[in-house]
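To keep things clear, I will list the structure first and then write my remarks on it.
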Amino acid sequence: MTSSDIRGRAPLNPVLAGLLSLALVAAAGTVGSMATLPNIPTWYAGLTKPSFNPPNWIFGPVWSVLYLMMAYAFWRILQTEPQTPGRGPAIVVFLAQLALNAFWSVAFFGMHNLLLGLVVVIAMEIAIVATIALFRRLDPPAGWILVPYACWVAFASVLNAAILLLNW
């Protein structure tokens, strides 16, 4: 009998963990897309943007890759033993940053609130950095996989701040 048998908790089946990871990340991406896409040709097109604003077409491919990386990192964490110290908090912080990820699009694009978007994206960056630290303790590759995401969101924070200042 293994320790997981004694406690009645075994690691999540890899296929189920993969489906759960993909579903949660895809849900956040879908919420974000629903708030973003209708507003790009209208409201967002009318905003003054800084010179370093990337072309609109780059965001879709970049976010697609980042969402896949997030799902893979989360899948790796779900594969750790349930009683592993730090696993629960790592999952909670990951889900918190994922919720902030979806809410940023709602705040910035859906609500047209640049200031709230900035507050949310800064909170999201903090949660991503915390997720990286927590994931690295459990599974170093899972943490490192999220570093490009943290970098992109740091850039998005600067971009959000610049757009806010230019449109104040």
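Residue numbering for the sequence shown follows the numbering used here, beginning at 108 and increasing consecutively. Idealized CB from N, CA, C, for every residue including glycine.
{"Asked": "Give, in chain order, every unbroken run of the alpha helix (DSSP H) that is at least 4 residues long and sits entirely within the segment 124-159.", "Found": "none"}
{"Asked": "What do you get for residue 126, buried or exposed, if any count of 16 or more other CB atoms within 10 angstroms of its CB means buried?", "Found": "exposed"}
{"Asked": "Is the beta carbon of residue 213 less than 9 Å from the beta carbon of residue 138?", "Found": "yes"}
{"Asked": "Considering only residues of the same chain and omitting the five flanking positions on each side of residue 216, which have a CB-CB separation below 6 Å?", "Found": "142, 143, 146"}
{"Asked": "Looking at the unbroken alpha helix (DSSP H) that takes in residue 248, where does it start and where does it end?", "Found": "247-252"}
{"Asked": "Run the CB neighbour count on residue 224, radius 10 Å, all protein chains shown included, and call it buried at 16 or more, exposed below.", "Found": "buried"}
{"Asked": "Please go through the same chain and pick out, in chain order, the residues whose beta-carbon is closer than 6 Å to the beta-carbon of residue 233, but skip the five residues on each side of it.", "Found": "none"}
{"Asked": "Could you tell me if residue 136 is buried or exposed, where buried requires 16 or more neighbouring beta carbons within 10 angstroms of its beta carbon?", "Found": "buried"}
{"Asked": "Note down the Cα distance separating residue 237 from residue 200, rounded to an integer number of angstroms.", "Found": "7 Å"}
{"Asked": "Of all the options 131, 153, 120, which has the alpha carbon lying nearest to the alpha carbon of residue 274?", "Found": "153"}
{"Asked": "If residue 150 and residue 219 are in contact, beta carbons under 8 Å, what's the gap, nearest whole angstrom?", "Found": "6 Å"}
{"Asked": "Mind checking whether residue 221 and residue 118 have CB atoms under 9 Å apart?", "Found": "no"}
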